[in-house]
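Everything below concerns the one structure shown next.
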Amino acid sequence: MYGLSQDDFTSIDSNLIKQEKFIKNMFFDFGIENEQKSILDFTYSANLNPNKYFAEMNNRINSIFQYANDKKLKPVFCTITAPSKYHQTDKNRNLILSPNQTAKDLTQTFNKFTNIQVFQKLRKELGESLTYFRVNEPHKSGVPHTHIMLFLPNHYILEVKQKFYEYFTNKVRWGNNVKSLDFRYTFYNVKGAISYLMKYITKTFKNENNAKNKAWYWYIKNNVRRFSCSRTLAPLMVYRKIRYFFKDKYQNDYLEISKLLKEKNILRLFGDTTYNYMFYNKSTGEIEEINIWQKNTDLILRSRIKKDKIISLKYSKKKFKTNLIAFVSDFEKYIYSKKMDRFVLMPVIPSLLSDYQLNNYFTILNKNIDDINLIHFGITKNEMIKRGFLEEDYINPALYTPILGEYNEFS
Numbered sequence: 055m056y057g058l059s060q061d062d063f064t065s066i067d068s069n070l071i072k073q074e075k076f077i078k079n080m081f082f083d084f085g086i087e088n089e090q091k092s093i094l095d096f097t098y099s100a101n102l103n104p105n106k107y108f109a110e111m112n113n114r115i116n117s118i119f120q121y122a123n124d125k126k127l128k129p130v131f132c133t134i135t136a137p138s139k140y141h142q143t144d145k146n147r148n149l150i151l152s153p154n155q156t157a158k159d160l161t162q163t164f165n166k167f168t169n170i171q172v173f174q175k176l177r178k179e180l181g182e183s184l185t186y187f188r189v190n191e192p193h194k195s196g197v198p199h200t201h202i203m204l205f206l207p208n209h210y211i212l213e214v215k216q217k218f219y220e221y222f223t224n225k226v227r228w229g230n231n232v233k234s235l236d237f238r239y240t241f242y243n244v245k246g247a248i249s250y251l252m253k254y255i256t257k258t259f260k261n262e263n264n265a266k267n268k269a270w271y272w273y274i275k276n277n278v279r280r281f282s283c284s285r286t287l288a289p290l291m292v293y294r295k296i297r298y299f300f301k302d303k304y305q306n307d308y309l310e311i312s313k314l315l316k317e318k319n320i321l322r323l324f325g326d327t328t329y330n331y332m333f334y335n336k337s338t339g340e341i342e343e344i345n346i347w348q349k350n351t352d353l354i355l356r357s358r359i360k361k362d363k364i365i366s367l368k369y370s371k372k373k374f375k376t377n378l379i380a381f382v383s384d385f386e387k388y389i390y391s392k393k394m395d396r397f398v399l400m401p402v403i404p405s406l407l408s409d410y411q412l413n414n415y416f417t418i419l420n421k422n423i424d425d426i427n428l429i430h431f432g433i434t435k436n437e438m439i440k441r442g443f444l445e446e447d448y449i450n451p452a453l454y455t456p457i458l459g460e461y462n463e464f465s
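Following this line, the structure appears as structure tokens:
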């Protein structure tokens with residue numbers, strides 16, 4: 055079944071038992087009574103901690119469906135199977151092309167399909183990339199096929215359907231026959247589409263109540279990814295690190311975190327080693343920025359996991375030598391220069407400002423147009439145009455005539 059032998063089942067079961075036993079014996083001790091946790095409690099794994107993994111995946115699926123629904127996109131379900139050459143076997147009835155290679159080829163041909171002209175036009179119209187889910191599933195022979203849920207504007211569905219069949223029945227590009235393909239779009243509500251997709255996803259997980267379900271062994275044996283989706287929302291590597299801060303603030307924290315990232319309210323700094331959250335404090339009337347994750351703690355935990363089986367976490371404030379900064383306003387800050395032995399005005403860089411800050415800053419410049427560096431004003435105005443706040447043409451900042459030379463170094 056699925057191209058697996060009894061030895062494969064036995065070997066996989068044995069390895070999973072060893073892995074689970076190992077991580078269950080590694081603990082975090084938070085210094086609070088009854089607050090000792092094993093590493094398994096923090097592990098996202100379809101094989102070792104399927105409940106935690108499935109809950110997170112279900113959150114991602116519901117979030118993307120909500121996102122697509124807000125954009126008035128319709129769900130379209132497609133199935134792509136592998137042509138006959140992927141089903142060929144040797145004299146021992148082993149597949150000539152491995153399931154792993156077939157899964158990679160299915161992924162590659164789907165990616166090429168989503169780059170044809172109709173999708174380029176769609177991306178230009180929507181102003182963002184294609185939204186989709188993809189699930190790999192094995193035939194009884196062990197050869198994989200792919201189920202895909204696309205989200206399209208209603209007026210694109212029939213055109214994409216035509217291109218879908220043209221592309222995947224083309225012998226040069228892929229070479230399927232029409233009967234081995236599927237393209238459905240008659241879902242009457244979002245819940246129906248979610249249920250249809252989840253039916254295929256749940257097959258990929260181990261089911262303690264259904265011993266006949268052996269498909270999950272196939273993913274481990276062949277190292278094939280069960281489920282993937284478009285990069286429409288926040289990357290998981292970011293979401294997992296900062297969700298603790300937002301989970302009680304929003305009903306759908308994944309969707310809200312994604313919006314905050316797009317709007318630059320959550321800042322990914324220093325090569326993803328620091329995440330800051332910038333927000334408007336209504337009580338003070340000021341913009342505040344706080345640190346919500348730093349890599350330092352992550353590194354400490356990893357290094358101590360290797361040495362000790364029980365980890366005691368102790369907070370100690372780390373002192374940094376920082377230059378003295380004087381804040382006059384949000385956009386007027388001075389930093390002390392030891393070399394010059396005086397405070398130096400810090401430049402405002404429009405491209406690094408959030409949307410809220412940029413609008414405020416441009417308003418200030420516009421009110422004082424007679425007393426500012428016009429080149430810097432031109433750069434700021436171009437940034438406003440770039441982000442869609444002004445419907446005007448770009449102007450080369452060099453064409454502006456500077457009035458105050460002392461600001462030239464910051465232009």
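Heads up: the sequence shown begins at 55 in the numbering used here, then just goes up one per residue.
Cβ atoms here follow ideal geometry from the backbone N, Cα and C, with glycine treated the same way.
> Would DSSP call T328 helix, strand or coil?
Replying inline: Numbered from 1 along the sequence shown, position 274 holds the residue referred to as residue 328. Strand.
>> Tell me the rounded alpha-carbon separation between K470 and F108.
In response: The displayed coordinates of the chain run from 55 to 465. Any statement about residue 470 would go beyond what the structure contains.
>> Quick check on the burial criterion: 16 or more other C-beta atoms within 10 angstroms. Buried or exposed for P401?
In response: Position 347 of the sequence shown, counted from the start, is the residue given in the question as residue 401. P401 should be labelled exposed.
> Since S117 contacts Y308 with CB under 8 angstroms, what's their CB separation in whole angstroms?
Replying inline: On the sequence shown, position 63 is the one that residue 117 refers to. On the sequence shown, position 254 is the one that residue 308 refers to. With 8 angstroms as the limit, S117 and Y308 qualify as a contact, their Cβ atoms being about 4 angstroms apart.
> In the structure shown, what three-state DSSP assignment does N470 receive?
Replying inline: This structure does not reach residue 470, given that the chain is present from 55 up to 465, and the question cannot be answered.
> So Y494 packs on P192, CB below 8 angstroms; how close in whole Å?
Replying inline: Past the boundaries of the shown model lies residue 494; the chain is included only from 55 to 465, so the question cannot be answered.
> Sorted by chain position, which residues of the same chain lie with C-beta nearer than 7 angstroms to S357's C-beta, five sequence neighbours on each side aside?
Replying inline: Stepping through the sequence shown from its first residue, residue 357 is reached at position 303. The predicted position of S357 is uncertain, since its pLDDT is 47 and thus under 50; no value can be drawn from it.
> Of the choices Y221, S284, W228, P129, whose alpha-carbon is the least far from that of G246?
Replying inline: Counted from its first residue, the sequence shown places residue 246 at position 192. Ranking the options by Cα distance to G246, first place goes to P129.
> Using a Cβ-Cβ cut-off of 6 angstroms (strictly less than) and excluding sequence neighbours within five positions of Q348, which residues of its own chain qualify?
Replying inline: Within the sequence shown, the letter at position 294 stands for residue 348. Contacts found: T328.
> Where does R280 land, buried or exposed, given buried means 16+ other C-beta within 10 angstroms?
Replying inline: To locate residue 280, count along the sequence shown from 1; it is residue 226. By the neighbour-count rule (16 or more Cβ atoms within 10 Å), R280 is buried.
>> For G196, count the other beta carbons within 10 Å of its own beta carbon; 16 or more makes it buried, fewer makes it exposed. Which is it?
In response: Within the sequence shown, numbered from 1, the residue matching residue 196 stands at position 142. By the neighbour-count criterion, in which a residue is buried when 16 or more other Cβ atoms sit within 10 angstroms of its Cβ, G196 is buried.
> Given that a residue counts as buried once 16 or more other Cβ atoms are within 10 Å of its Cβ, and exposed if not, what is N276?
Replying inline: Within the sequence shown, the letter at position 222 stands for residue 276. When all chains shown are included, N276 counts as buried.
>> I'd like the span of the alpha helix (DSSP H) that includes K128, first residue to last.
In response: Position 74 of the sequence shown, counting from 1, holds the residue named residue 128. Counted as a single uninterrupted DSSP element, the stretch harbouring K128 is not any alpha helix (DSSP H) but the beta strand (DSSP E) occupying residues 128 to 134.
> Relative to the C-alpha of K233, which residue among K316, P153, T135 is closest?
Replying inline: Reading the sequence shown from its first residue, position 179 is the one you call residue 233. The candidate whose alpha carbon is nearest that of K233 is T135.
> If you draw a straight line from the C-alpha of S152 to the C-alpha of Y221, how long is it?
Replying inline: The residue labelled residue 152 in the question sits at position 98 within the sequence shown. The residue labelled residue 221 in the question sits at position 167 within the sequence shown. So the alpha carbons of these two residues sit roughly 24 angstroms apart.
> Does DSSP put L407 in a helix, in a strand, or in coil?
Replying inline: As a first step, residue 407 is located in the sequence shown; it is residue number 353 there, counting from the start. Correct three-state label for L407: coil.
> Fully enclosed by the stretch 106 to 176, which beta strand (DSSP E) runs are 3 residues long or longer?
Replying inline: 128 to 134
> What residue from K336, Y250, I77 has the CA that sits closest to F187's CA?
Replying inline: Translated into positions along the sequence shown, residue 187 becomes position 133. Cα-wise, what sits closest to F187 is Y250.
>> Whole angstroms are fine: how far does the CA of L127 sit from the CA of L176?
In response: Counting from one through the sequence shown, the residue named residue 176 turns up at place 122. Counting from one through the sequence shown, the residue named residue 127 turns up at place 73. Rounded to the nearest angstrom, the two C-alpha atoms are 12 angstroms apart.
> In the structure shown, what three-state DSSP assignment does P104 receive?
Replying inline: The residue you call residue 104 lines up with position 50 of the sequence shown. In this structure, P104 counts as helix in the three-state DSSP scheme.
> What residue does the alpha helix (DSSP H) around Q216 start on, and which one ends it?
Replying inline: Here residue 216 refers to the residue found at position 162 when the sequence shown is read from its first residue. It spans 211 to 223 - the alpha helix (DSSP H) in which Q216 sits, taken as one unbroken run.
>> Checking the sheet assignment: what are the DSSP bridge partners for F397?
In response: What you label residue 397 is simply residue 343 of the sequence shown in a count that begins at 1. Its beta-bridge partners are Y390.
> With distances taken between CB atoms, is the gap from F218 to C132 smaller than 9 angstroms?
Replying inline: Position 164 of the sequence shown, counted from the first residue, corresponds to residue 218. Position 78 of the sequence shown, counted from the first residue, corresponds to residue 132. For F218 and C132, yes; Cβs fall inside 9 angstroms.
> Skipping 5 residues on each side, what residues in its chain have a beta carbon closer than 8 angstroms to that of Y271?
Replying inline: Position 217 of the sequence shown holds residue 271. Hits under 8 angstroms: Y56, L58, D62, F63, I66.
>> Could you check whether N190 and T258 sit closer than 9 angstroms to each other, using their CB atoms as the reference points?
In response: As a position in the sequence shown, residue 258 is number 204, starting the count at 1. As a position in the sequence shown, residue 190 is number 136, starting the count at 1. Yes.
> Roughly how many whole angstroms lie between the Cα atoms of W228 and I255?
Replying inline: Within the sequence shown, numbered from 1, the residue matching residue 228 stands at position 174. Within the sequence shown, numbered from 1, the residue matching residue 255 stands at position 201. Going from the Cα of W228 to the Cα of I255 covers about 25 angstroms.
> Among K194, N208, V214, which residue has its Cα nearest to the Cα of K19?
Replying inline: Lying outside 55 to 465, the shown extent of the chain, residue 19 is not represented and no answer is given.
> How would you write the range of the beta strand (DSSP E) that L323 sits in, first residue to last?
Replying inline: On the sequence shown, position 269 is the one that residue 323 refers to. L323 -> beta strand (DSSP E) spans 320 to 323.
> According to DSSP, is P207 helix, strand or coil?
Replying inline: Here residue 207 is taken as the residue at index 153 of the sequence shown, counted from 1. The answer is coil: DSSP assigns P207 none of H, G, I, E or B.
>> Considering only DSSP beta bridges, list what N190 is partnered with.
In response: For the purposes of this step, residue 190 is taken as the residue at position 136 of the sequence shown. T200.
> Around the C-beta of I354, are 16 or more other C-beta atoms found within 10 angstroms, so that it is buried, or is it exposed?
Replying inline: Residue 354 sits at position 300 when you count from the first residue of the sequence shown. At I354, the pLDDT of 46 sits below 50, so the modelled position is not reliable; the number obtained from the coordinates is stated separately. It counts as exposed.
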